[in-house]
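There are 2 protein chains.
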Amino acid sequence: MAQSRESGRQPGAARAHRAGLDEAGIVRAAAELADAQGFDSLNVGQLAERLGVRPPSLYKHVASLDEIRRRLATYGACELATTLARAAMGKSGRDAIGAVAGAYRCFARERPGLYMALQRAADPSDPRSQEQRAASEDVLAVLHATLAPYGLSSEEEIHAIRMLRSLTHGFIALEATGGFGIPLALDDSFRFAIDLFLRGLEQMSSA
Amino acid sequence: MAQSRESGRQPGAARAHRAGLDEAGIVRAAAELADAQGFDSLNVGQLAERLGVRPPSLYKHVASLDEIRRRLATYGACELATTLARAAMGKSGRDAIGAVAGAYRCFARERPGLYMALQRAADPSDPRSQEQRAASEDVLAVLHATLAPYGLSSEEEIHAIRMLRSLTHGFIALEATGGFGIPLALDDSFRFAIDLFLRGLEQMSSA
DNA sequence: AGCTATAAGCTAATTTTATTAGCATGTCAA
DNA sequence: TTGACATGCTAATAAAATTAGCTTATAGCT
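Just so you know, the protein sequences line up as chains A and B, in that order.
One point on numbering: in the numbering used here, the residue at position 12 of the first sequence is 12, and numbering is uninterrupted.
One point on numbering: in the numbering used here, the residue at position 156 of the second sequence is 156, and numbering is uninterrupted.
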């Protein structure tokens, strides 16, 4: 019999025997899958299928599903940092902060799986989580730059950055898990929170 | 040979043939395990071991590991509501809010696994997540009562509650995943955030 | 062009974990 | 006392990740 290859390969194009996998491609596919199905149900089987290969093939490029998850966190942090930087570009003060916070929220809504990947604790004692930590720094850098014009003391600024991140992340997380009950007026609530934060900040910088 | 029972049963006390399992006990043990090892690595094997039975025995009381996770979320929400209510008791205004926020944060630190269980999205279309949603309402009720004295409009109050939760939850989550980098001055940052929130609230209620 | 070392994919096997089947016995109500 | 049901066990099954070992495409040399 003529070489069974029923499992949905490309029927026409004589199927290349190399699929051209690489780590970056795997991570990107994993991100799409996570966005579509949820980070928690990311698995090797579906990922391989999406890439048109058999599950064991992935192991030529990544060590384990857990490594894929770690890479996803790093990738997500980079994407987020880029998105935020873009949102802040050409704006300043109140505008910039509003835009960054809004972009943060959009990112989490559009890429829920990827955003979830960011939430995994990176064990500081594990050198493999180094990259992830570095990528998170980039996100911080954007916020830092955005808050700079408020002329806070460096200590106050740390507090303010932490508060802004907490607020934004917390809102997103609760929104994503349905923690707010009715989704009524979520946009208003978000604006309310950012406004209150900004008012506090302005009061502080004029003091 | 005399009935192999090498697997660590109580050697002395002739071992009762009923272990007295029940759902509540299973959930409580699961919570302890989750706190000790992390919610993500909760598994049937270890849970059964901790309860002194074989894994299949658990299935006489719960349908699946996933159900255990759901129950854990419900249990956690109840515990949290109780904790917050206790913290608010006998206080009012600024004091009450500070106490509740502080208790929220303590809870998450002391019971990290259980707190993590609360973060799972409860599918609204799934009737099994009904209880969980009800328990979350209890948490909300405490916050509602705590904010009542500020005399906000009912819409503002919704926003304020959402903000407080976002802030607190976000802070906790970032703290737990090491998102803040150096843990330096975390307490100060938390106080700063709550203070800024309260100032905004007071300004609003006196307007 | 031909040669070879390596890398990349595959199938088959192993491992680990959750879950189900089916049996044996403790417990409780009549 | 007895019989029905509940609870725990062992053995079997299932699903998923991972490893072993084989085959062959491909890049770099000559």
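The C-beta atom is built at its ideal place from N, Cα and C for all residues, glycine as well.
Counting the other CB atoms within 10 Å of its CB gives residue 169 of chain A a total of 16 or more, which places it among the buried residues. In terms of beta-carbon proximity, residue 201 of chain A lines the interface with chain B, with at least one pair separated by less than 9 Å. Note on geometry: alpha-carbon atoms of residue 57 of chain B and residue 75 of chain B lie some 21 Å from one another. Pairing residue 174 of chain B with residue 180 of chain B, the inter-Cα distance amounts to about 6 Å.
For the C-beta of residue 169 of chain B, the chain A residues within less than 9 Å are, from N- to C-terminus, 166, 169, 170, 171, 173, 174, 179.
Straight across, the Cα-Cα distance linking residue 135 of chain B with residue 148 of chain B is about 20 Å. As the crow flies, the alpha-carbon of residue 70 of chain A is around 15 Å from that of residue 41 of chain A. By the Cβ neighbour-count rule, residue 159 of chain A is buried, with 16 or more other Cβ atoms within 10 Å of its own. In this chain, residue 89 of chain A is not harboured by any alpha helix (DSSP H), its DSSP state being neither H nor E. A Cβ-Cβ contact shorter than 9 Å links residue 142 of chain A with residue 88 of chain A. In this structure, the straight-line span from the alpha carbon of residue 55 of chain A to that of residue 178 of chain B is close to 32 Å. With its beta carbon at least 9 Å from every one in chain B, residue 108 of chain A lies outside the interface. Annotation: the continuous alpha helix (DSSP H) that includes residue 27 of chain A extends over 23-37.
Taking a 10 Å sphere around the C-beta of residue 105 of chain A, we find 16 or more other C-beta atoms and assign the residue as buried.
Assigned with DSSP and collapsed to three states, residue 126 of chain B falls in coil, not helix or strand. The beta-carbon of residue 121 of chain B is placed less than 9 Å from the nearest beta-carbon of chain A. Taken through DSSP and simplified to helix, strand or coil, residue 98 of chain B comes out as helix. Excluding residues up to 5 positions away in sequence, 77, 80, 81, 84 lie with their Cβ nearer than 8 Å to the Cβ of residue 139 of chain B in the same chain.
Taking C-beta atoms as the reference points, residue 35 of chain A and residue 110 of chain A count as a pair closer than 9 Å.
Within the same chain, 205 come within 7 Å of residue 151 of chain B by CB-CB distance, once the 5 residues on both sides are set aside. Per DSSP, the unbroken alpha helix (DSSP H) holding residue 44 of chain B starts and ends at 44-51.
One alpha carbon belongs to residue 200 of chain A, the other to residue 200 of chain B, and they sit about 6 Å apart.
If you draw a straight line from the Cα of residue 24 of chain B to the Cα of residue 94 of chain A, it comes to about 50 Å. Within the same chain, 67, 70 come within 8 Å of residue 128 of chain A by CB-CB distance, once the 5 residues on both sides are set aside.
Look at residue 158 of chain B here: in three-state DSSP terms it is helix. Where residue 190 of chain A is concerned, the enclosing alpha helix (DSSP H) starts and stops at 186-206. Annotation: the continuous alpha helix (DSSP H) that includes residue 112 of chain B extends over 112-118. Counting of Cβ neighbours within 10 angstroms places residue 184 of chain A among the exposed residues, the total staying below 16. The three-state reading of DSSP puts residue 177 of chain A in coil, since its state is none of H, G, I, E or B. Taking a Cβ-Cβ cut-off of 8 Å, the neighbours of residue 189 of chain A in chain B comprise 158, 159, 162, 163, given in sequence order. For the C-beta of residue 41 of chain A, not a single chain B residue is nearer than 9 Å; the gap to the nearest is close to 11 Å.
Scanning its chain for C-beta atoms nearer than 6 Å, with the 5 sequence neighbours on each side dropped, one finds around residue 100 of chain B the residues 84, 87, 88, 146, in chain order. Within the segment 132-159 of chain B, 133, 136, 137, 140, 155, 156, 158, 159 place their CB atoms closer than 9 Å to a CB of chain A, listed in sequence order. Contacts with chain A (Cβ-Cβ distance below 7 Å) from the segment 50-77 of chain B involve no residue at all.
In the structure shown, residue 57 of chain A adopts helical secondary structure according to DSSP, grouped into three states. Residue nearest to residue 162 of chain B within the set A/97, A/119, A/194 is A/194 (criterion: CA-CA distance).
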